[in-house]
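Residue numbers for the sequence shown, in UniProt numbering: 1 to 89.
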Amino acid sequence: MKLTINIKVMVDKKAKQRFLALFGLKVSQIRKEKNLSYRKLAQQCDIDYSDISKIEKGQVKIQLPTVYELAKGLGVHPKELFDFEIPEA
């Protein structure tokens, strides 16, 4: 029973990490399409440029206010940041 729980926790953790990585790739894609540097995007939203880099690399857990600020800075609706396919585990 304990082994099953530990495996499930590991799978859940990997799934969450994949989600953060996919979210970051989407942010990066939109930022590059709009020809924005990290610093320029940071000027357009309330997020430090170094944090934007970490978000794009999937290294930061995202909160809703962050999603809002990124969308504002990128000039897109927040739902566009979640427009990506999540592969099956």
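Here a beta-carbon is modelled for each residue, glycine too, at the ideal position from N, C-alpha and C.
Where residue i falls: helix, strand or coil (DSSP)
i, result
"K34", "coil"
"F82", "helix"
"D12", "helix"
"Q59", "coil"
"I7", "Any reading at I7 must be qualified, since the residue scores a pLDDT of 48, below 50, and its modelled position is unreliable; the value itself is stated next. It is helical."
Residue span of the alpha helix (DSSP H) that contains residue i, given as start and end
i, result
"V67", "64-74"
"I52", "49-56"
Proximity below 8 Å, CB of residue i to CB of residue j
i, j, result
"V60", "D51", "yes"
"A71", "P65", "no"
"S28", "E56", "yes"
Rounded distance between the beta-carbons of residue j and residue i, thought under 8 Å
i, j, result
"F84", "K26", "5 Å"
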